[in-house]
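Scroll down for the structure; my scribbles are underneath it.
Residue numbers (the numbering used here): 2 to 165.
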């Protein structure tokens, strides 16, 4: 993840700067140990952050194959990142949607989601200590100008971003 792609909680994002954007709830973990290629033990994190993953596809429709996704830089967009928490991955109640709309949180198995992301990173060669690992935790929605999105992650915290 490029540092310039990480934005603080409450960021305002210009939709005109992104092609075909979508926004989804995510968790960003900073690795406390290397993710080695052959190891399948659970990843160890120095910190976890609530996040909003803002994908930006150059193609009109999100790619249907891994090859198309790779050719489109995996939808590289932006990450809006909330405050760090030092905690082990745990089951969370996730609420996500337009800010100000009451919604009931849904249970999310954060350890399983992070393990899946770690396995993908290991298959690609691994990651060093200090690198970030991102797990998207729900379906993406298309943002519109003037909309603010909020995601709450129970004990992990919340994060929000507005779109202009």
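By construction, the Cβ of each residue, glycine as well, lies at the ideal position given by its N, Cα and C atoms.
| Query | Result |
| --- | --- |
| Per DSSP, cross-strand counterpart(s) of residue 162 | 150 |
| Burial state of residue 54 (16 or more Cβ within 10 Å) | buried |
| Separation of residue 88 from residue 48, as counted between CA atoms | 7 angstroms |
| Three-pair Cβ contact test at 8 angstroms for the segment 88-102 versus the segment 138-148 | yes |
| Cβ-Cβ distance between residue 160 and residue 109 below 7 angstroms | no |
| Proximity winner among 144, 21 and 28, relative to residue 156 (alpha-carbon distances) | 28 |
| Under 7 angstroms between C-beta atoms of residue 154 and residue 51 | yes |
| Residues sharing a beta bridge with residue 57, DSSP | 22 |
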